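Numbering (my numbering), first residue to last: 589 to 719. Glycine residues also receive a C-beta, built at the ideal position from the N, C-alpha and C atoms. Please read these numbers as outputs of a predicted model, since none were measured by experiment.
As structure tokens, then:
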């Protein structure tokens, strides 16, 4: 795949992922500012989707590299946000809310690992059903 096509795939995916992350923040973060749910939902959704993507691309190697770049590097790279997570946790620590900081760390890290596994499991189950 050419470099310009790769750049296009990443850019298209990233534009969609970044806009979804922004919309989740707008819609959800004000609901519970102590642990901004928009960032958590973006990270957990992204983790589940990346699990599904990893399993799908492994099971279907014939899929175009364009889609892997668009979905994994572009869309999911822009949707999930370690930098925002880090800033929110650091703000909690600076404000003396260590309990909420640790809850946030646990929710993002453990939740992301669980969601990645569930995403991979969902693809495996769907492949079994489809046989």
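- Going by DSSP, residue 589 is part of no alpha helix (DSSP H) at all; its letter is neither H nor E.
- A direct Cα-to-Cα measurement between residue 645 and residue 686 gives close to 40 Å.
- Here residue 634 is not near residue 612, since their CB atoms are 8 Å or more apart.
- Straight-line spacing of the CA atoms in residue 718 and residue 637 works out to 20 Å.
- Under a 10 Å Cβ-count criterion, residue 589 is classified as exposed, with fewer than 16 other Cβ atoms of the shown protein chains found around its own Cβ.
- CA-to-CA, the gap between residue 624 and residue 653 works out to about 34 Å.
- Residue 704 is positioned such that its CB atom lies no closer than 8 Å to that of residue 673.
- By the criterion of a C-beta distance shorter than 8 Å, residue 669 is surrounded in its chain by 609, 627, 630 and 631, once the five residues flanking it on both sides are discounted.
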